[in-house]
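In my numbering, the protein residues as written are 106 to 270. Cβ atoms here follow ideal geometry from the backbone N, Cα and C, with glycine treated the same way. Owing to the predicted nature of the structure, the values given are computational and were not obtained by experimental measurement. Notes for the one structure printed next.
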Amino acid sequence: MKSLRLALLPLLAVILASCSAFRREGRTQAETLLVTGNYLDCRLLCELAQYRIKQPVILFSTDLDGSTQMFFLPTPQKPDINPADKFGDLITFVNPKRVVIVGGAAAVPEKYIEVAKSLSTVHIIDGHDPSKCAKELGFLLNQKRLHRDFDDFKARMNDRGISAN
């Protein structure tokens, strides 16, 4: 009987450890959630930041008919398409310490910025000057080379004839 209890003890530990992912308080909290629009400068900056800090990105894309799609990128290789009205649910699921809106209201519709403000601490980085935006995001994320990498990639893209205009 005693040997049976000793044999089942590791099994019980494995079961309890696997169930901890389903408890809200036991789930890992994301440090930063980056939110931006589907614009060249904003997207490039967020993808460079995501590569460095390994945090999720939400990308909003407005279609020609005015409808908005939302793409959740937990990793750069695995985008997940979600209805835009589930934005609040997605923030709650990711549970970030802060939400960074890259590009401001020009990149992310205002109603989604308000939803983010109601659920988390929000930092808004305006996208009028992409290089300044990259410096500000790099400072906020403690990634000193982010703006240099951004400027380098922008120069490479311009050399190949790709521009945001």
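Classified as buried, residue 149 has 16 or more neighbouring CB atoms from the shown chains inside 10 Å of its CB.
By the C-beta criterion, the region 221-241 is judged to be in contact with the region 195-212, since at least 3 inter-stretch pairs fall below 8 angstroms.
Put simply, of 267, 246, 260, 261 the residue whose alpha carbon is nearest the alpha carbon of residue 156 is 246. The count of Cβ pairs closer than 8 angstroms, one atom from the region 194-201 and one from the region 134-142, reaches three, so the stretches are in contact. C-alpha of residue 239 to C-alpha of residue 252: approximately 5 angstroms in a straight line. DSSP, read as helix, strand or coil, puts residue 233 in coil. CA-to-CA, the gap between residue 232 and residue 211 works out to about 7 angstroms.
As DSSP reads the structure, residue 174 sits in a beta bridge with 166, 188. Counting of Cβ neighbours within 10 angstroms places residue 259 among the buried residues, the total reaching 16 or more. Excluding five sequence positions before and after residue 181, the CB atoms of its chain that fall closer than 7 angstroms to its own CB belong to 152, 155, 156, given in chain order. Looking at the DSSP output, residue 228 sits in a beta bridge with 205.
Our two residues, residue 188 and residue 178, have alpha carbons roughly 14 angstroms apart in a direct line. Of the candidates 162, 266, 142, 195, 195 places its Cα closest to the Cα of residue 224.
Note on residue 134: under 16 other CB atoms within 10 angstroms of its CB, so exposed under the neighbour-count rule.
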